[in-house]
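Structure record follows, encoded as structure tokens.
There are 2 protein chains.
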Amino acid sequence: MNFMPQSQTSVDPVKLEKLAEVAVKVGLQLQTGQDLVITAPVVALPLVRLITKHAYMAGAGLVTAFYSDEESTLARYRYGSDQSFDRASDWLYDGMAKTYAKGTARLAVSGDNPMLLSEQDPAKVGRANRANSAAYKPALEKISNFDINWNIVSYPNPSWAALVFPDDPDAIAVAKLAKAIFAASRVDVEDPIAAWAEHNANLAKRSHWLNGERFASLHFTGPGTDLTVGLADGHEWHGGSSTAKNGITCNPNIPTEEVFTTPHALKVEGHVSSTKPLSHQGTLIDDIRVRFEGGRIVEAKASRGEEVLNKVLDTDEGARRLGEVALVPHSSPISVSGILFYNTLFDENASCHIALGQCYSKCFVNGASLTQEQIKAQGGNSSLIHIDWMIGSGQVDIDGIRPDGSRVPVMRQGEWA
Amino acid sequence: MNFMPQSQTSVDPVKLEKLAEVAVKVGLQLQTGQDLVITAPVVALPLVRLITKHAYMAGAGLVTAFYSDEESTLARYRYGSDQSFDRASDWLYDGMAKTYAKGTARLAVSGDNPMLLSEQDPAKVGRANRANSAAYKPALEKISNFDINWNIVSYPNPSWAALVFPDDPDAIAVAKLAKAIFAASRVDVEDPIAAWAEHNANLAKRSHWLNGERFASLHFTGPGTDLTVGLADGHEWHGGSSTAKNGITCNPNIPTEEVFTTPHALKVEGHVSSTKPLSHQGTLIDDIRVRFEGGRIVEAKASRGEEVLNKVLDTDEGARRLGEVALVPHSSPISVSGILFYNTLFDENASCHIALGQCYSKCFVNGASLTQEQIKAQGGNSSLIHIDWMIGSGQVDIDGIRPDGSRVPVMRQGEWA
Chain A
1 MNFMPQSQTS VDPVKLEKLA EVAVKVGLQL QTGQDLVITA PVVALPLVRL ITKHAYMAGA
61 GLVTAFYSDE ESTLARYRYG SDQSFDRASD WLYDGMAKTY AKGTARLAVS GDNPMLLSEQ
121 DPAKVGRANR ANSAAYKPAL EKISNFDINW NIVSYPNPSW AALVFPDDPD AIAVAKLAKA
181 IFAASRVDVE DPIAAWAEHN ANLAKRSHWL NGERFASLHF TGPGTDLTVG LADGHEWHGG
241 SSTAKNGITC NPNIPTEEVF TTPHALKVEG HVSSTKPLSH QGTLIDDIRV RFEGGRIVEA
301 KASRGEEVLN KVLDTDEGAR RLGEVALVPH SSPISVSGIL FYNTLFDENA SCHIALGQCY
361 SKCFVNGASL TQEQIKAQGG NSSLIHIDWM IGSGQVDIDG IRPDGSRVPV MRQGEWA
Chain B
1001 MNFMPQSQTS VDPVKLEKLA EVAVKVGLQL QTGQDLVITA PVVALPLVRL ITKHAYMAGA
1061 GLVTAFYSDE ESTLARYRYG SDQSFDRASD WLYDGMAKTY AKGTARLAVS GDNPMLLSEQ
1121 DPAKVGRANR ANSAAYKPAL EKISNFDINW NIVSYPNPSW AALVFPDDPD AIAVAKLAKA
1181 IFAASRVDVE DPIAAWAEHN ANLAKRSHWL NGERFASLHF TGPGTDLTVG LADGHEWHGG
1241 SSTAKNGITC NPNIPTEEVF TTPHALKVEG HVSSTKPLSH QGTLIDDIRV RFEGGRIVEA
1301 KASRGEEVLN KVLDTDEGAR RLGEVALVPH SSPISVSGIL FYNTLFDENA SCHIALGQCY
1361 SKCFVNGASL TQEQIKAQGG NSSLIHIDWM IGSGQVDIDG IRPDGSRVPV MRQGEWA
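As given, the protein sequences belong to chains A and B, one line each in that order. Using this note's numbering, you'd call the opening residue of the first sequence number 1 and step up by one each time. Using this note's numbering, you'd call the opening residue of the second sequence number 1001 and step up by one each time.
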């Protein structure tokens, strides 16, 4: 083969293969005979090849990969006519939903340039995102409902690396980002599988404590933040590995440092400020400040990307309400690295965060057996979107509020109390 | 962008962009607002990007590209378990069939290594091909029935170039193959669009003459060949540009030098020998010798790839019968180049050829309005496969036989008589 991205030389091939192995064995727990759908940026081809290899070694049925390409994405904005921006590949997403319904696992490789669309017309970006979200809904539901085992891992895309390490030459930036990804993904140790087992046990201990407390709400205070997040009736905390409705225990996110649950869509009050920039489908949104009334965002500002943020909030009614709240200590390895990744998969694991939009049905007691109506009645939100953004820092305190109004310190200055 | 296959440096970027423009404007005649699905080897990314650009410049709705990867294809054979070889992405092909039914155009970039699977177990290759053919059927029917405008162009994949020019270093082989592709695709002239208009007019003149003659059959004689190919009732010759059922006039194959029609599935008698190797899904099949009785292949031999050939013939009943007969003069530019491409899209345009399997409904008078039953009654073949192979050379003569038994010379020593 003569085809190799230049960045390949900067990426340790042994660790890259360990990442592929962890994605298949820990991330997916891919089963004998199970089909796999992979989505990835085309620059991540070296990782996709290794994942494909380890998937077949694990007894995969058929592995099918779909590649996105930044240049081709930009071509629509540079040369496309206006009508193009309301189109989406609904037939492809419908097909994905069908194959997920038949038990196919899903692995996404992350690594797109977080700033790809930052120079493009926000109105067109908003229309394209909305069309894509609507088309993607049936497939996303299989994932957000946790019907199947799924996983996301990351690849050090040169355009992403250039944003994270702007002062370094390309090859150095890629090498640094690769090292950070390998460390955060726990594949830079001798036995990554054992390291993940230990990490999963620690996260399970935190979830267990929170599930025992059964708080009615969490109260966040810090600079620019005074927010009370009501928790859904019958909410359940999760973290680390988790069992999908198909019975397979997987680690959806690699890396992961969070424990998380479902807020009550109607019971969020106060104001909150973001503590890290959010990269949403190629647009950077920074310094978000929003105000909630009755669970709904009634005011939203940002120092950068405010127009795209407001278009996101207008996606549907549920886009203005919360679908997730997650706790991450300020001392998490990703936070300690000091690197701002401009990638939610990493930045959300350096900081407590909340997510706009769709809730996870697994974050309810007996979530797998609840209907959509029951989830809604218990306070679960529904939306075409699910967008995490970071609100934690070393200056944020969190209290758990019990149903009787008494308070329990949960975090102080960003650390478990 | 830091991502560029090494071969890119060997390929003239100006001619590559002309190829992309010809694919969109001549090959597809892509319409304003029409969606486009592209399939391509991942090494062809530079061409796919240019096609995407020109598609959007032509007013495309949404352009969606799917990439295959030779290393990932091989991973199934190297590491996959036995059950994997009966799987196919039916959900993806079903989706493609649906979007084609809604008017989406289809462009395939050819260029896969013709020998990719030659070292693999023929039984597994046969099973994988059969599963894929069955799954692909609904999408292929939209193409073979000419419901939509579609096109194939080629990219000089390094692994293909190495096979065509085995004595040259990689970069030279790619440069030579690129040059041959550009010449055969008529993009090495100042005005490729005008060159294609003239070429299409010449091919139309040949078809017109053959349609006036209304031969009952063609009689091929040459070394190892004495074959009478009955033509279907109400057959119609086509060549060059052609109008799809959606009303769009396109050039499905680039390059193309052939005029072709539908044989009668029950009226082929005698024996025939291939004059060039056939590359079928990664296996090279050489020196094919088959004998027909009543339209059916009753004996098939090959000096190489015989096992795969016989598995192909066992795909279904129609796989043993002909779906196409095509006439190409021995002096065609591709033949004169003297290059053996190991790629049917090129080699079939250097030589008269026949195709096993599915017929084209457009190759009937009023083909667009015929039902499947009518097509069958008139002698049209149906099958999951459509595989062209070469039977023409400078030593082959062809007579046209009229319904009254009289003979008209059609070709002598490989040239129009």
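C-beta: ideal position from N, C-alpha, C; glycine also. Please read all numbers here as calculations on a predicted model, not as lab measurements.
* What did DSSP end up calling B/THR1228 once you bin it into helix, strand or coil? -> Position 228 of the second sequence, counted from the start, is the residue given in the question as residue 1228 of chain B. Three-state DSSP puts B/THR1228 in a strand.
* chain A contact residues for B/GLY1095, given Cβ-Cβ distances below 7 Å -> Position 95 of the second sequence, counting from 1, holds the residue named residue 1095 of chain B. Chain A residues near B/GLY1095: TRP91, LEU92, ASP94 and GLY95.
* Asked: So who's on the other strand from B/PHE1066, going by DSSP bridges?
  -> If you number the second sequence from 1, residue 1066 of chain B lands on position 66. DSSP lists B/THR1039 as partners of B/PHE1066.
* Environment of B/PRO1166 [buried if 16+ CB atoms lie within 10 Å] -> Counting from one through the second sequence, the residue named residue 1166 of chain B turns up at place 166. The residue in question, B/PRO1166, is exposed, as its Cβ has fewer than 16 Cβ neighbours within 10 Å.
* From the DSSP output, read off the bridge partner residues of A/HIS54. => Here residue 54 of chain A refers to the residue found at position 54 of the first sequence. A/HIS54 is not bridged to any residue.
* Per-residue contacts from A/LYS98 into chain B (C-beta, under 7 Å) -> On the first sequence, residue 98 of chain A is found 98 positions in, with the first residue counted as 1. Going along chain B in sequence order, the residues near A/LYS98 (Cβ under 7 Å) are TRP1091.
* Identify the contact partners of A/GLY111 in chain B, using a Cβ-Cβ distance below 9 Å as the criterion. => Taking the first sequence and counting its residues from 1, one reaches residue 111 of chain A at position 111. Per Cβ cutoff of 9 Å: no residues; A/GLY111 is ~12 Å from chain B at best.
* To do: Output the distance between the C-alpha atoms of A/ASN424 and A/ALA178, rounded to the nearest integer angstrom.
  => Outside the shown range of chain A (1 to 417) lies residue 424 of chain A, about which nothing can therefore be said.
* Where A/HIS238 sits in the DSSP three-state scheme -> The residue you call residue 238 of chain A lines up with position 238 of the first sequence. Correct three-state label for A/HIS238: strand.
* **Classification of A/PRO263 by the beta-carbon crowding that lies within 10 angstroms, buried from 16 upward** => Start at 1 with the first residue of the first sequence, and residue 263 of chain A comes out as number 263. Per the 10 Å Cβ criterion, buried.
* Mind listing the chain B neighbours of A/VAL48? Cutoff is C-beta to C-beta under 8 Å, in chain order. => On the first sequence, position 48 is the one that residue 48 of chain A refers to. Near A/VAL48 (Cβ distances below 8 Å), the residues of chain B are ASP1069 and SER1072.
* Spatial neighbours of A/SER331 in its chain, beta-carbon cut-off 7 Å, leaving aside the 5 residues before and after -> By one-based count along the first sequence, residue 331 of chain A stands at place 331. The residues are GLU415.
* **Rounded separation between B/ASP1226 and B/TYR1342 - CA only** => Reading the second sequence from its first residue, position 226 is the one you call residue 1226 of chain B. Reading the second sequence from its first residue, position 342 is the one you call residue 1342 of chain B. If you take the alpha carbons of B/ASP1226 and B/TYR1342, they lie about 25 Å apart.
* Asked: Hey, is A/TYR79's beta-carbon within less than 8 Å of any beta-carbon in chain B?
  -> Within the first sequence, numbered from 1, the residue matching residue 79 of chain A stands at position 79. It does: the Cβ of A/TYR79 has a partner Cβ on chain B nearer than 8 Å.
* **For A/SER89, three-class secondary structure by DSSP** => Counting from 1 along the first sequence, the entry for residue 89 of chain A is found at position 89. Three-state result, A/SER89: coil.
* Neighbour flag for A/SER118 against chain B, beta carbons, 8 Å -> Position 118 of the first sequence holds residue 118 of chain A. So no, A/SER118 is outside the interface.
* Mapping DSSP to helix, strand and coil, what is B/GLY1270? -> One-based indexing of the second sequence puts residue 1270 of chain B at position 270. Residue state, collapsed to three classes: strand.
* **Spatially closest choice to A/THR436 from A/VAL14, A/ASP12, A/SER10 and A/LYS25, by CA coordinates** => Shown here, chain A extends from 1 to 417; a query on residue 436 of chain A therefore has no answer.
* Tell me whether A/GLU119 is buried or exposed, calling it buried when 16 or more other Cβ atoms sit within 10 Å of its Cβ. => As a working mapping, residue 119 of chain A is identified with position 119 in the first sequence. A/GLU119 should be labelled exposed.
* Asked: Does the beta carbon of A/GLY126 come closer than 8 Å to any beta carbon on chain B?
  -> On the first sequence, residue 126 of chain A is found 126 positions in, with the first residue counted as 1. So, not an interface residue.
* DSSP puts B/GLU1299 in a beta bridge; with which residues? -> On the second sequence, position 299 is the one that residue 1299 of chain B refers to. DSSP output for B/GLU1299 lists B/ARG1291 as bridge partner(s).
* **Simplified DSSP state of B/PRO1252, which is helix, strand or coil** => Stepping through the second sequence from its first residue, residue 1252 of chain B is reached at position 252. Of the three classes helix, strand and coil, the one that applies to B/PRO1252 here is coil, per DSSP.
* To do: Flag this pair as yes or no: are the beta carbons of B/ASP1138 and B/ASP1069 separated by less than 8 Å?
  => Here residue 1138 of chain B refers to the residue found at position 138 when the second sequence is read from its first residue. Here residue 1069 of chain B refers to the residue found at position 69 when the second sequence is read from its first residue. A small correction: the amino acid at residue 1138 of chain B is Pro; Asp does not occupy that position in the sequence shown. Cβ atoms of B/PRO1138 and B/ASP1069: not closer than 8 Å.
* For chain B, find out if any of its Cβ atoms is closer than 8 Å to the Cβ of A/GLY33; answer yes or no. => Start at 1 with the first residue of the first sequence, and residue 33 of chain A comes out as number 33. Chain B contact via Cβ: present.
* Determine the extent of the alpha helix (DSSP H) in which A/GLU21 is found, giving its start and end residues. => Translated into the one-based positions of the first sequence, residue 21 of chain A becomes position 21. That run of the alpha helix (DSSP H) goes 13-22.
* What number of angstroms, rounded off, separates the C-alpha of A/SER7 from the C-alpha of A/ARG49? -> In the first sequence, counting from the first residue as 1, residue 7 of chain A sits at position 7. In the first sequence, counting from the first residue as 1, residue 49 of chain A sits at position 49. In this prediction, A/SER7 has a pLDDT of 42, which is less than 50 and means its spatial position is unreliable; what the coordinates show is noted afterwards. Looking at the two C-alpha atoms, the distance is approximately 15 Å.
* To do: Please state if the CB of A/ALA60 and the CB of B/SER1351 are separated by a distance shorter than 8 Å.
  => As a working mapping, residue 1351 of chain B is identified with position 351 in the second sequence. As a working mapping, residue 60 of chain A is identified with position 60 in the first sequence. Against a cut-off of 8 Å, the Cβ pair of A/ALA60 and B/SER1351 comes out as no contact.
* Asked: Is B/GLN1413 close to chain A, meaning its C-beta is less than 8 Å from at least one C-beta of that chain?
  -> Start at 1 with the first residue of the second sequence, and residue 1413 of chain B comes out as number 413. Closer than 8 Å: no.
* Asked: Considering only the beta carbon of each residue, do B/LEU1327 and B/VAL1272 sit closer than 8 Å?
  -> Position 327 of the second sequence, counting from 1, holds the residue named residue 1327 of chain B. Position 272 of the second sequence, counting from 1, holds the residue named residue 1272 of chain B. In this structure, B/VAL1272 does not lie closer than 8 Å to B/LEU1327 by Cβ.
* Could one say the Cβ of B/TYR1056 lies closer than 8 Å to chain A's Cβ atoms, at least one of them? -> Position 56 of the second sequence, counted from the first residue, corresponds to residue 1056 of chain B. Cβ-Cβ to chain A under 8 Å: yes for B/TYR1056.
* Pull up the CB-CB distance for B/LEU1349 and B/THR1256, whole angstroms please, since I reckon it's below 8 Å. => On the second sequence, position 349 is the one that residue 1349 of chain B refers to. On the second sequence, position 256 is the one that residue 1256 of chain B refers to. A quick correction: the sequence has Asn, not Leu, at residue 1349 of chain B. With a Cβ gap of about 6 Å, B/ASN1349 and B/THR1256 count as contacting.
* Asked: How is A/ALA151 classed by DSSP in three states: helix, strand or coil?
  -> As a working mapping, residue 151 of chain A is identified with position 151 in the first sequence. Looking at the sequence shown, residue 151 of chain A is not Ala but Asn. Note: A/ASN151 maps to strand in three-state DSSP.
* Asked: Sorted by chain position, which residues of the same chain lie with C-beta nearer than 6 Å to B/ARG1412's C-beta, five sequence neighbours on each side aside?
  -> For this step, residue 1412 of chain B is matched to residue 412 along the second sequence. Closer than 6 Å at Cβ, skipping near neighbours: ASP1397.
* Spell out the partners DSSP gives B/ASP1286 in its beta bridges. => Indexing the second sequence from 1 puts residue 1286 of chain B at position 286. Looking at the DSSP assignment, B/ASP1286 forms a beta bridge with B/ARG1304.
* Quick one: Cα of A/VAL174 to Cα of B/HIS1054, how far? -> As a working mapping, residue 174 of chain A is identified with position 174 in the first sequence. As a working mapping, residue 1054 of chain B is identified with position 54 in the second sequence. If I take the Cα positions, the gap works out to 32 Å.
* Asked: CB-CB under 6 Å to B/GLU1299, same chain, minus the five flanking residues each way: which ones, in chain order?
  -> Mapped onto the second sequence, residue 1299 of chain B falls at position 299. Result list for B/GLU1299: ARG1291, in chain order.
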